[in-house]
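Colleague: Residue numbers (the working numbering), protein chains in the order written: chain A, 1 to 205; chain B, 1001 to 1205. Handing you a structure now.
Protein chains: 2
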Amino acid sequence: MTGVSPKTRIQKKNTRAILEAALEIFSKHGFRGSTVDQIADAAGLSKPNLLYYFPTKEAIHLELLAGLMDTWLAPLRQLDTDGDPVDEIIGYVLRKLTMAQELPRESRLFANEIVQGAPRIIDQIEGDLRDLVNEKCDVIQGWIKQGKLADVDPHHLIFSIWATTQQYADFDAQIRGILRPRNDAHFSDAARFLETFYRSALTVR
Amino acid sequence: MTGVSPKTRIQKKNTRAILEAALEIFSKHGFRGSTVDQIADAAGLSKPNLLYYFPTKEAIHLELLAGLMDTWLAPLRQLDTDGDPVDEIIGYVLRKLTMAQELPRESRLFANEIVQGAPRIIDQIEGDLRDLVNEKCDVIQGWIKQGKLADVDPHHLIFSIWATTQQYADFDAQIRGILRPRNDAHFSDAARFLETFYRSALTVR
DNA sequence: GTCTATAAGGTGATAGAC
DNA sequence: GTCTATCACCTTATAGAC
Chain A
1 MTGVSPKTRI
11 QKKNTRAILE
21 AALEIFSKHG
31 FRGSTVDQIA
41 DAAGLSKPNL
51 LYYFPTKEAI
61 HLELLAGLMD
71 TWLAPLRQLD
81 TDGDPVDEII
91 GYVLRKLTMA
101 QELPRESRLF
111 ANEIVQGAPR
121 IIDQIEGDLR
131 DLVNEKCDVI
141 QGWIKQGKLA
151 DVDPHHLIFS
161 IWATTQQYAD
171 FDAQIRGILR
181 PRNDAHFSDA
191 ARFLETFYRS
201 ALTVR
Chain B
1001 MTGVSPKTRI
1011 QKKNTRAILE
1021 AALEIFSKHG
1031 FRGSTVDQIA
1041 DAAGLSKPNL
1051 LYYFPTKEAI
1061 HLELLAGLMD
1071 TWLAPLRQLD
1081 TDGDPVDEII
1091 GYVLRKLTMA
1101 QELPRESRLF
1111 ANEIVQGAPR
1121 IIDQIEGDLR
1131 DLVNEKCDVI
1141 QGWIKQGKLA
1151 DVDPHHLIFS
1161 IWATTQQYAD
1171 FDAQIRGILR
1181 PRNDAHFSDA
1191 ARFLETFYRS
1201 ALTVR
């Protein structure tokens, strides 16, 4: 399922090169739009050699998605029950925005998969992801009950945070096209916008 | 470029059937993930017959995107300079949410295209779309100067509205997976959340 | 206008030498 | 472990009969 168990140095290096190349290609063209040839080229290997490390194209894709899910959820895990509610959520928003800026390929990899119905990761969504989200929604609901946060639906709050941050990676082409030619500093503009926006919507008055 | 000029009744009917089928298939699998066979089947035509109406697979895709762009931008065009600023924007948010609910395939068609770098509609993005957005941003900026709206970046406000509404179509699989098994009424929950959220973030205090 | 048949090229995966 | 060669299949698009 996950290809050759990486033992020798060269195997580790090649496995890593393949996954790096696959991330580059899959995130740009989606699963069906990417070819094994493209990935092998980008990894600096021949196609049969690549298929010596991973049995199928799908195995590479699956390994990527599974391996990145933890990284992807880390910012949400950090949400701390004992912190100041508004600051905790603003912090989460800004961490997600930073990830969109620094890991846009990872964001688009997931976006490509989910927009097409998430056929290959629906289990992870309905499992680990769902559990984590529900856990953090309980935390948020607790804050609301204590009067420390405006009364909003926690699930839809989290969805809105995902949407407003990840769009800067997923729909980058559109955002750059509209902001052209002044699109150099748009991430810091976005950070300012999102911080102001979420703070004013979440603060109890 | 746009296939046979529809003159006879049967030509109109078939052209419409092809575009309807293509929307169904392209929105689900993306351009590369869709096959002419699938579209022909869905349209109830043979593959050569379909290619009698449109010269290539790409021509069908292009015609779809171009034809839907107007529909897609209609809610933004409606934004009225003379209305109440907060209500105008809330109205826009709710119209977009309704579109995500009623036209999810159209939303995913664009999402699929844009997430992969918008190769086939970058011109429309940098043309009509950009012009309309800039025009409406001027309106919003005017409201802010008059003190009728909280001071936020108009471009990023519009981006956030797109993101928070279209996600309910584009990332439907993820949202349903997380809300399971109670996901029947999530659009009305989303409407309530978004209205409260945008109203409290945009109202001048 | 619509069909069957097929050309032409791409794509995932394997065989077998080294 | 890596390569060249190749298979088997899929996919877009066309030819030509009706």
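Built from N, CA and C at the ideal position, the CB exists for glycine as well.
Check whether the Cβ of Q38 (chain A) lies closer than 8 Å to any Cβ atom in chain B.
Modeller: No - not a single Cβ of chain B is within 8 Å of the one on Q38 (chain A).
Colleague: I need the DSSP call for V1152 (chain B), collapsed to helix, strand or coil.
Modeller: It is coil, neither helix nor strand.
Colleague: Short of 6 Å in beta carbon distance, which residues of its chain neighbour S1027 (chain B), apart from the five on each side in sequence? Order them along the chain.
Modeller: So the list reads R1105, R1108, L1109, once near-sequence residues are dropped.
Colleague: Any heavy atom of the ligand COA closer than 7 Å to the Cβ of V1004 (chain B)?
Modeller: Among the ligands in the structure shown, none appear at all, so the ligand COA cannot be discussed.
Colleague: Hey, is V190 (chain A)'s beta-carbon within less than 8 Å of any beta-carbon in chain B?
Modeller: The sequence shown places Ala at residue 190 (chain A), rather than the Val named in the question. True, the Cβ-Cβ gap to chain B drops below 8 Å.
Colleague: Between the C-alpha atoms of F1096 (chain B) and R180 (chain A), what's the straight-line distance to the nearest angstrom?
Modeller: As written in the sequence, residue 1096 (chain B) is Lys, which differs from the Phe given in the question. Spanning the two alpha carbons is a distance of roughly 24 Å.
Colleague: Between the Cα of E113 (chain A) and the Cα atoms of B:T1008, B:H1156, B:D1170, B:K1145, which residue gives the shortest distance?
Modeller: For E113 (chain A), the nearest C-alpha among the options comes from B:D1170.
Colleague: Counting only Cβ-Cβ distances shorter than 8 Å, please list the residues of the region 1111-1129 of chain B near chain A, keeping chain order.
Modeller: From the region 1111-1129 of chain B, only A1111, N1112, I1114, V1115, Q1116, G1117, A1118, I1122, I1125, E1126, L1129 have a Cβ closer than 8 Å to chain A.
Colleague: If we call anything under 8 Å between Cβ atoms a contact, is A1043 (chain B) one with A1021 (chain B)?
Modeller: Yes, these two residues count as a Cβ contact at 8 Å.
Colleague: In three-state DSSP terms, what is S46 (chain A)?
Modeller: Three-state DSSP puts S46 (chain A) in coil, outside helix and strand.
Colleague: Once DSSP output is grouped into helix, strand and coil, what is the label at T81 (chain A)?
Modeller: In this structure, T81 (chain A) counts as coil in the three-state DSSP scheme.
Colleague: Taking Cβ-Cβ distances shorter than 9 Å, what residues in chain B pair up with A74 (chain A)?
Modeller: Going along chain B, no residue has its Cβ under 9 Å from A74 (chain A), so there is no contact; the nearest lies around 18 Å.
Colleague: Here's the rule: buried if 16 or more other CB atoms are within 10 angstroms of the residue's CB, otherwise exposed. What is Q1146 (chain B)?
Modeller: Flag for Q1146 (chain B) reads exposed.
Colleague: Give a yes or no on whether the minimum CB-CB distance between D70 (chain A) and chain B is below 8 Å.
Modeller: No, because no Cβ of chain B sits closer than 8 Å to the Cβ of D70 (chain A).
Colleague: Near N1183 (chain B), which residues of its chain fall below 6 Å by C-beta distance, leaving aside the five closest residues on each side in sequence?
Modeller: R1176, listed in sequence order.
Colleague: Quick check: the Cα distance between M1001 (chain B) and A1100 (chain B), rounded to an integer number of angstroms?
Modeller: Only weak support is given to the placement of M1001 (chain B): the predicted model assigns it a pLDDT of 49, under 50, and the question is left unresolved by the model.
Colleague: Report the rounded CA-to-CA distance for L45 (chain A) versus Y1053 (chain B), giving the unit in angstroms.
Modeller: Those two C-alpha atoms are separated by around 43 Å.
Colleague: Can you give me the C-alpha to C-alpha distance between L1194 (chain B) and L1157 (chain B), rounded to a whole angstrom?
Modeller: Going from the Cα of L1194 (chain B) to the Cα of L1157 (chain B) covers about 13 Å.
Colleague: Kindly say whether I1178 (chain B), judged by its beta-carbon, lies nearer than 8 Å to any beta-carbon of chain A.
Modeller: It does; some Cβ of chain A falls within 8 Å.
Colleague: Helix, strand or coil: how does DSSP classify M1001 (chain B) here?
Modeller: Since pLDDT at M1001 (chain B) reaches only 49, below the 50 mark, its modelled position is unreliable, and the value read off the structure follows with that caveat. In the structure shown, M1001 (chain B) sits in coil (DSSP, three-state: anything other than H, G, I, E or B).
Colleague: If you measure between the beta carbons of F197 (chain A) and A1201 (chain B), is that distance less than 8 Å?
Modeller: Yes, Cβ-Cβ distance for F197 (chain A) and A1201 (chain B) is below 8 Å.
Colleague: Going by C-alpha to C-alpha distance, which of A:V115, A:I39, A:T165 sits closest to G91 (chain A)?
Modeller: When each option's Cα is compared against that of G91 (chain A), the closest is A:T165.
Colleague: Going by other Cβ atoms of all chains shown within 10 Å of its Cβ, with 16 needed for buried, is K136 (chain A) buried or exposed?
Modeller: Buried, because 16 or more other Cβ atoms sit within 10 Å of the Cβ of K136 (chain A).
Colleague: Indicate the three-state DSSP secondary structure (helix, strand or coil) for K1007 (chain B) in the structure shown.
Modeller: Note: K1007 (chain B) maps to coil in three-state DSSP.
Colleague: Can you tell which of A:A163, A:E126, A:D138 has the C-alpha that lies nearest to the C-alpha of D153 (chain A)?
Modeller: The option with the nearest alpha carbon to D153 (chain A) is A:D138.
Colleague: Assuming L76 (chain A) contacts L19 (chain A) under a Cβ cut-off of 8 Å, what Cβ separation, rounded to an integer in Å, is found between them?
Modeller: L76 (chain A) to L19 (chain A), Cβ: 23 Å. No contact.
Colleague: Under 8 Å between C-beta atoms, does S1046 (chain B) make it to chain A?
Modeller: Chain A, which has no Cβ nearer than 8 Å to the Cβ of S1046 (chain B), makes this no.
Colleague: By the three-class DSSP mapping on this structure, what secondary structure does R16 (chain A) have?
Modeller: In this structure, R16 (chain A) counts as helix in the three-state DSSP scheme.
Colleague: Short check: CB of L1129 (chain B) to CB of L1073 (chain B), under 8 Å?
Modeller: Yes. Within cutoff.
Colleague: Which one of A:G67, A:G127, A:Q11, A:Q141 has the shortest CA to CA distance from P85 (chain A)?
Modeller: Of the candidates A:G67, A:G127, A:Q11, A:Q141, the one whose C-alpha sits nearest the C-alpha of P85 (chain A) is A:Q141.
Colleague: How far does the alpha helix (DSSP H) with A190 (chain A) in it reach, from first residue to last?
Modeller: Per DSSP, A190 (chain A) belongs to the alpha helix (DSSP H) from 186-202.
Colleague: Between L1132 (chain B) and the rest of its own chain, which residues show a CB-CB distance below 8 Å, the 5 nearest in sequence each way excluded?
Modeller: Closer than 8 Å at Cβ, skipping near neighbours: L1073, L1076, R1077.
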